[in-house]
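The next block holds one structure in the form of structure tokens; read it before the comments.
Number of protein chains: 2
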Amino acid sequence: MASAEIAELFRRVTLGLYVVGAADGERRDAFTAAWLTQVSFDPLLLALSVNPQNASHRLLHAGGGFTVSVLEETQQEVARHFGLSSGRDRDKLAGIAWRPGRRGAPVLRDALAWFECELAGAMPAGDHELVLGRVVDGGLLLPGARPLTYAATGDMDGSSALYPARLSA
Amino acid sequence: MASAEIAELFRRVTLGLYVVGAADGERRDAFTAAWLTQVSFDPLLLALSVNPQNASHRLLHAGGGFTVSVLEETQQEVARHFGLSSGRDRDKLAGIAWRPGRRGAPVLRDALAWFECELAGAMPAGDHELVLGRVVDGGLLLPGARPLTYAATGDMDGSSALYPARLSA
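Residue numbers (my numbering), protein chains in the order written: chain A, 1 to 169; chain B, 1 to 169.
Take a look at the structure:
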């Protein structure tokens, strides 16, 4: 299989699209994420795969938790916005309606639903880190809306270039 | 929030539906799973949350890998079938078209796509275990079909009864 075919194959792993927020004191950031799943009922845990090179990764660990805003299907532009790299001179939250969660991490006011998580574990996972978040709060804001899916965003994140040229044992 | 509301909230985490196969020598099993996501590009890793009380959990570790068959939207009955408990006197694979993967784990012939994974790590995650699988092979069988989503199966798995009565910090 060629790289593009492998990207197509992995798009069959059904995922949503989220804006994940983190904060350490007055420093806060948010980024678009798709690699998220529930992993436990008791306690209620979500697992999120985070790129350690993402500026929010350090904030997430320093703050001991993260928030998850579930995007609805009309929010592709929000996904694109928070998918941009953070920079010293760029505050991705400027002009966005948000509120601070319990630990200060941003929760988008315009979202389908939200979760607030306390960091409950972490494990290296290839070029990412898998973090576990215990869900301590959450809410469903738009019960009738449909979640944005990762597949619906096509190659917005440019990820098709990140797949290898072939699968190898 | 009441338990039913919490179940509704967690249904906004968008997930697919899969039949996961495992084998240890001639012993093999397959079960329905939804808690699966990609977690790394290099190496290509999937993370899967497995109930340690599931009969396949031991097979997965003993065999050192697992397969993932991606269900398409018309395969709700297949999801239901492999969601039943395994038993000594019940072979869930009887009457099902499947082929053995590299290590013998079953791959469904009637599926949208499939992955073959080598066990690459594991971490306790509440009442489940999170296993990492390095994708060593895979294929897209039905490029035009749509994946079955966990949300589309409603409460087929009875999971709404497994959510707590409230979220607590």
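Just so you know, even glycine gets a beta-carbon here, dropped at the ideal spot from N, CA and C.
Please read these numbers as outputs of a predicted model, since none were measured by experiment.
What number of angstroms, rounded off, separates the C-alpha of residue i from the C-alpha of residue j?
i: residue 33 of chain A; j: residue 19 of chain A; result: 6 angstroms
i: residue 151 of chain B; j: residue 79 of chain B; result: 13 angstroms
i: residue 104 of chain B; j: residue 22 of chain B; result: 8 angstroms
i: residue 136 of chain A; j: residue 97 of chain B; result: 43 angstroms
i: residue 85 of chain B; j: residue 59 of chain B; result: 15 angstroms
i: residue 3 of chain B; j: residue 31 of chain B; result: 26 angstroms
i: residue 52 of chain B; j: residue 130 of chain B; result: 10 angstroms
i: residue 8 of chain B; j: residue 111 of chain B; result: 28 angstroms
i: residue 149 of chain B; j: residue 70 of chain A; result: 16 angstroms
i: residue 55 of chain B; j: residue 92 of chain B; result: 12 angstroms
i: residue 144 of chain B; j: residue 5 of chain A; result: 14 angstroms
i: residue 132 of chain B; j: residue 76 of chain A; result: 29 angstroms
i: residue 159 of chain B; j: residue 14 of chain A; result: 19 angstroms
i: residue 48 of chain A; j: residue 90 of chain A; result: 24 angstroms
Using beta carbons (cut-off 9 angstroms, strictly below), is residue i in contact with chain A?
i: residue 6 of chain B; result: yes
i: residue 119 of chain B; result: no
i: residue 12 of chain B; result: yes
i: residue 59 of chain B; result: no
i: residue 157 of chain B; result: no
i: residue 84 of chain B; result: no
i: residue 101 of chain B; result: no
i: residue 38 of chain B; result: yes
i: residue 110 of chain B; result: no
i: residue 66 of chain B; result: no
How about residue i: is its C-beta nearer than 9 angstroms to some C-beta of chain B?
i: residue 130 of chain A; result: yes
i: residue 106 of chain A; result: no
i: residue 115 of chain A; result: yes
i: residue 35 of chain A; result: yes
i: residue 19 of chain A; result: no
i: residue 149 of chain A; result: yes
i: residue 124 of chain A; result: yes
i: residue 47 of chain A; result: yes
i: residue 78 of chain A; result: no
By the DSSP assignment, the alpha helix (DSSP H) with residue i in it spans what residues?
i: residue 76 of chain B; result: 76-83
i: residue 10 of chain B; result: 3-10
i: residue 56 of chain B; result: 55-63
Just reading off the beta strand (DSSP E) that residue i is part of, what are its end residues?
i: residue 129 of chain B; result: 128-140
i: residue 23 of chain B; result: 18-24
i: residue 152 of chain B; result: Unbroken run through residue 152 of chain B: none, as it is neither H nor E.
i: residue 98 of chain A; result: 98-100
i: residue 37 of chain A; result: 36-40
i: residue 119 of chain A; result: 113-125
i: residue 49 of chain B; result: 45-50
i: residue 106 of chain A; result: 106-108
With three or more C-beta pairs closer than 8 angstroms as the rule, is the stretch 118-134 of chain B touching the stretch 51-64 of chain B? Touching, yes.
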